[in-house]
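Participant: Got a structure for you, questions after.
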Amino acid sequence: MVVTQSLRRTLAPLTLSYGGCEVSEGLVGRRFALDVTGRELTLSVDLTPNFQTRSPSAATYVQALALARDPARLRALTCEDTLVRTRLLRVWKSVEAPQLRLVLDLGPRGRLVYAARPHLLFTGGVTLQMQAVVVSGMG
């Protein structure tokens, strides 16, 4: 049985970290939802607002497009939102030996699915450290 919980519907800022010191700031996510099936947790984040711009040279568009083109480079995703952190942590603690998947919805560009592990920040956010790319691209 799948239980779905909305963590946040509105926009929240995201920071993406790649290998080395490369960081993408200014991206936004929306519709943060958590599906729970037994010990498997699936956190879905809609990244399509980053593609909805009139200027293809806008920083958020360029950064989101770079992620879509090379998803294996992503090492971590940070969300500073305390509501997302609190709700995710509540479910994480209630499940024995939880396994987390992160699904990044890129709209017509497909979906990226990662095996991830949460790392709580002192400032109230959460960083999801990528362990592996499970699925990338359309599908």
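For what it's worth, the working numbering labels the leading residue of the sequence shown as -6, then goes sequentially.
Positions of the beta carbon are idealized from the N, C-alpha and C atoms, including for glycine.
In the structure shown, what three-state DSSP assignment does P111 receive?
Facilitator: Numbered from its first residue, the sequence shown carries residue 111 at position 118. Residue state, collapsed to three classes: strand.
Participant: Look up Q45 in the DSSP assignment and say whether it is helix, strand or coil.
Facilitator: Residue numbering aside, residue 45 sits at position 52 when the sequence shown is read from its first letter. Reduced to three states, the DSSP call for Q45 is coil.
Participant: Where does T3 fall in DSSP's three states?
Facilitator: For the purposes of this step, residue 3 is taken as residue 10 along the sequence shown, with counting starting at 1. Residue state, collapsed to three classes: coil.
Participant: Under 8 Å, with one C-beta from each stretch per pair, do the stretch 86 to 94 and the stretch 22 to 36 reach the 3-pair mark?
Facilitator: Verdict: yes, contact present.
Participant: Thinking just about the alpha-carbon of each residue, which of R102, L81, G117, H112 is nearest to the one in P64?
Facilitator: Within the sequence shown, the letter at position 71 stands for residue 64. P64 has its Cα closest to that of R102, out of R102, L81, G117, H112.
Participant: Can you determine whether any heavy atom of the ligand MG sits closer than 6 Å to the C-beta of A65, and answer yes or no?
Facilitator: Looking at this structure, you won't find the ligand MG or any other ligand, since it has none at all.
Participant: Under 7 Å, do L121 and L70 count as touching if we go by C-beta distance?
Facilitator: Here residue 121 refers to the residue found at position 128 of the sequence shown. Here residue 70 refers to the residue found at position 77 of the sequence shown. Yes, they are a contact pair.
Participant: Which residues does DSSP list as the beta-bridge partners of L34?
Facilitator: As a working note, residue 34 is residue 41 in the sequence shown. L34 is bridged to V29, L93.
Participant: Rounded to whole angstroms, what's the CA-CA distance from Q61 to R83? Just pull it up for me.
Facilitator: Taking the first residue of the sequence shown as 1, we reach residue 61 at position 68. Taking the first residue of the sequence shown as 1, we reach residue 83 at position 90. Correcting the residue type first, residue 61 is Ala in the shown sequence and not Gln. When rounded, the distance between both Cα atoms is 30 Å.
Participant: Select from L113, S10, A108, D74 the residue whose C-alpha is nearest the C-alpha of K86.
Facilitator: Within the sequence shown, numbered from 1, the residue matching residue 86 stands at position 93. Answer by Cα proximity: L113.
Participant: Does any residue of chain B bring its CB to less than 7 Å from the CB of S10?
Facilitator: Going by chain labels, chain B is absent from the structure shown, which holds only one protein chain.
Participant: For the beta strand (DSSP E) holding L70, just list the boundary residues, first then last.
Facilitator: Taking the sequence shown and counting its residues from 1, the one referred to as residue 70 is at position 77. Note, L70: beta strand (DSSP E), 67 to 72.
Participant: Identify the residues that DSSP records as bridge partners of Y11: which are they?
Facilitator: One-based indexing of the sequence shown puts residue 11 at position 18. The partner list for Y11 (beta bridge, DSSP) reads L67.
Participant: Measuring CA to CA, which of Y107, R80, A52 is closest to V126?
Facilitator: Reading the sequence shown from its first residue, position 133 is the one you call residue 126. Cα-wise, what sits closest to V126 is Y107.
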